[in-house]
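Visitor: Quick one: this structure, given as structure tokens, is what I'll be asking you about.
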Amino acid sequence: LAVRFLDNVLDRTRFPLASIEARTKRTRKIGLGIMGFADLLIQLGVPYNTDDALHIADQLMGFVRQQAHESSHQLAQERGTFPAYKDSQLEAEGLPRRNATVTTIAPTGTISILADCSAGIEPLYGVSVAHTIMEDIRLQRLHPEFLRRARARGLSLCELREEIGRHESIQHLSQIPEDLRRLFVTAHDIAPAHHVRMQAVFQRHSDSGVSKTINLPPSATTADVAAALSLAYELGCKGVTVYRAGSREHQVLSCSHVQSC
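Just so we're aligned, residue 137 is where the sequence shown starts under this note's numbering, counting upward by one.
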């Protein structure tokens, strides 16, 4: 249904220019992906920075890719292949499809807020984060599943809430049980290499690019950035985004103690 919906959108969209419409419909590219991956891992009790998480990512996106490609193939039989199919790589491989590309991983930064789930395939930025919606508007949010589990453990949220909000990580807070700290790892707890490997797993099953931030600490050097980029290239990522914490004065997501540098 999702593939059919996205294919229908191409026909219902009002394009600003006829040339854009012609180029878009020549390949009929769509981008089916997922969001809420970090929340899924939390529900399964699997920390993001583990091999088990990589395995789940592989199984999940592999299933999405298989089903999406089969649906696009079925649509090709019903409605015809995309106009540029002739002499394309897909024709050479004998893979008739309605859409030149079918799967991708989008950022989903805004729609994930509406859906009340984590963004795309990103880990939690923080257990408590501030979303900067406009220059003078910030939305503070404590992760609801952490809140539920903390209450079930009898933790004093009045004492913890402010402390959690001041830091990107909760690993140093000994009053939080170790298993909760282990499960609620954040982007800043995860080694850059694991960030890259997670992106690479999803890339294997994505026809287009994968939106994923490789988070680096404020102390990261040019060599650290180069290492992340090199690993992404070696593992077949089509694109890569590296962000060193505090390198911008204003961030869409932030924890209050991070200072610009």
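A virtual CB, placed ideally from N, CA and C, is assigned to each residue, including glycine.
#1: Which of the three DSSP states, helix, strand or coil, is assigned to A266?
#2: Looking only at DSSP bridge pairs, what is R380 linked to?
#3: Counting pairs of Cβ atoms below 8 Å between the stretch 182 to 192 and the stretch 200 to 219, do you hit three or more?
#4: In whole angstroms, what separates the C-alpha of P366 from that of H331?
#5: Excluding the five sequence neighbours on either side, which residues of its own chain have a C-beta within less than 6 Å of the C-beta of L371, listed in chain order?
#6: Distance check for L142 and N185, CA to CA, integer angstroms please.
#7: Tell me whether I306 is buried or exposed, calling it buried when 16 or more other Cβ atoms sit within 10 Å of its Cβ.
#8: Residues in the same chain with beta-carbon distance under 8 Å from A362, minus the five sequence neighbours each way, listed in chain order, please.
#9: Quick check: the Cα distance between E299 and S383, rounded to an integer number of angstroms?
#10: Count Cβ pairs between the stretch 219 to 232 and the stretch 152 to 165 that sit closer than 8 Å; are there 3 or more?
#11: Considering only C-alpha positions, which residue in the set G345, T357, P354 is nearest to T377?
#12: What distance in whole Å lies between the Cβ atoms of T349 and V263, which are believed to be in contact at a cut-off of 8 Å?
#13: Quick check: T237 and D343, are their CB atoms within less than 8 Å of each other?
#14: Rounding to the nearest angstrom, what Cα-Cα distance links A212 and P313 in this structure?
#15: Starting from N144, trace the alpha helix (DSSP H) both ways and give me its first and last residue.
#16: Quick check on the DSSP output: the alpha helix (DSSP H) that includes T357 runs from which residue to which?
#17: From the DSSP output, which residues share a beta bridge with R277?
#18: Considering only C-alpha positions, which residue in the set G375, P243, L293, N235 is nearest to I166?
#19: What are the boundary residues of the alpha helix (DSSP H) that F173 is part of?
#20: Run the CB neighbour count on E214, radius 10 Å, all protein chains shown included, and call it buried at 16 or more, exposed below.
#21: Taking A242 as part of the alpha helix (DSSP H), name the residues at either end of that continuous run.
#22: Going by other Cβ atoms of all chains shown within 10 Å of its Cβ, with 16 needed for buried, is T246 buried or exposed?
#23: Starting from the C-beta of A286, find all residues in its chain whose C-beta is less than 8 Å away, skip the five residues before and the five after it, and write them out in chain order.
#24: What are the start and end residues of the alpha helix (DSSP H) that includes V337?
#25: Using the DSSP secondary-structure output, state which residues sit across from T322 in a beta bridge.
#26: DSSP on L371, reduced to helix/strand/coil?
Guide: On the basis of the data shown:
#1: strand
#2: L352
#3: no
#4: Residue identity differs from the one stated: residue 366 is Ser in this sequence, not Pro. Distance between the alpha carbons of S366 and H331: 13 Å.
#5: A336
#6: 32 Å
#7: buried
#8: none
#9: 23 Å
#10: yes
#11: G345
#12: Contact doesn't hold; Cβ gap of about 18 Å is too wide.
#13: yes
#14: 53 Å
#15: 138 to 148
#16: No alpha helix (DSSP H) holds T357; DSSP gives it neither H nor E.
#17: V265
#18: N235
#19: 173 to 180
#20: exposed
#21: Segment: none, A242 is in no alpha helix (DSSP H) and carries neither H nor E.
#22: exposed
#23: L293, L296, I312, L316
#24: 328 to 340
#25: L260
#26: coil
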